[in-house]
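Working notes, beginning with the structure itself.
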Amino acid sequence: MVTTPRKKLAVLISGRGSNMEAILASTRNKDFPAKIAIVISDNADAKGLETAIKAGIEARKFERKDYSDKANHEAAIMKAIDQSGADIICLAGYMRILSADFTKAYEGRLINIHPSLLPKFKGLDTHQRAIDAGETEHGCTVHFVNPEMDGGEIIAQAKVPVLADDTADTLSARVLIEEHKLYSSVIADLAKA
Ligand code: GAR
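Using the numbering used here, the first residue of the sequence shown is number 3, and each one after it goes up by one.
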């Protein structure tokens, strides 16, 4: 039997890391075509870093304050990604805007999950903005990352209803359940391609 090596993932986080955890859970299935090679955070206190360490995954922090400028910060992160041998770079709640140099270096293999049905509600505070706009549907998007914030080619989306009594918290919890499923499913497709 010929087995194809699993693709390597670099997962970039800034905080809670629940999407990273969902990816990690998927990789525990032996048929999942990818594994996490490295978790990178720009925030030393990110809960997701601890989760990765407990799972025995290489976890590294690169705080912006430790570098003289954005270019040096990004260069350190790119070096770690490249050393890990990552095939696919997944932004999973990574809350920093990447330069064009960074996004171009990983064109076609740098993806992000965003909590809205892009092109609606780019940027922050998406759940409250969807409620305020009177949307009846909301959701999440996985897209390729290009230099335009939340503007790269859409790969897949998942929708949820917006309920009459929703708050940003209840709506974000409903969307998050879909994020966790959608991200692993897109990663599996890309890893198999
Ligand atoms: C997720 O909802 C993700 O879609 C969002 O941050 C949250 C991170 O949660 N990302 C963005 O807003 C990026 N612009 P997590 O750390 O638990 O995965």
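Even for Gly, the Cβ is constructed at its ideal location relative to N, Cα and C.
Query                                                                                                                                                                    : Result
Which residue from Leu26, Leu173, His182 puts its Cα closest to that of Gln1?                                                                                            : Here the chain comprises residues numbered 3 to 195, so residue 1 is not present and cannot be evaluated.
Just checking my contact of Asn45 with Ser16 at CB under 8 Å: how many whole Å lie between their CB atoms?                                                               : 5 Å
Taking 8 Å as the cut-off, does the stretch 111-124 touch the stretch 143-159 (at least 3 CB pairs, one atom from each stretch)?                                         : yes
Assuming the contact rule is C-beta atoms closer than 8 Å, Lys10 and Asp89 should be a hit. Round their C-beta distance to whole Å, please.                              : 5 Å
Cα separation between Ala102 and Ala61?                                                                                                                                  : 25 Å
Just confirm the distance between the C-beta atoms of Phe64 and Ile79, as a whole number of angstroms; I'd bet it's less than 8 Å.                                       : 5 Å
List the endpoints of the continuous alpha helix (DSSP H) containing Glu23.                                                                                              : 20-29
Leaving out five residues before and five after Ala193 in sequence, what residues of the same chain have Cβ atoms less than 6 Å from its Cβ?                             : Lys9, Pro35, Ala36
Going straight from the alpha carbon of His129 to that of Ala73, what length do you get?                                                                                 : 32 Å
With a threshold of 6 Å (Cβ to nearest heavy atom), would His129 be considered close to the ligand GAR?                                                                  : no
Does the Cβ of Ala61 lie closer than 6 Å to at least one heavy atom of the ligand GAR?                                                                                   : no
Would you say the beta carbon of Ala82 comes nearer than 6 Å to a heavy atom of the ligand GAR?                                                                          : no
Whole beta strand (DSSP E) runs in the stretch 109-180 with 3 or more residues, listed along the chain?                                                                  : 112-116, 139-146, 156-163
Answer with buried or exposed for Pro117, where buried requires no fewer than 16 other C-beta atoms within 10 angstroms of its C-beta.                                   : buried
To the nearest angstrom, report how far apart Gly50 and Val144 are at their CA atoms.                                                                                    : 20 Å
Can you list, in chain order, the residues of its chain with a C-beta nearer than 6 Å to that of Glu23? Leave out the 5 residues immediately preceding and following it. : Thr53
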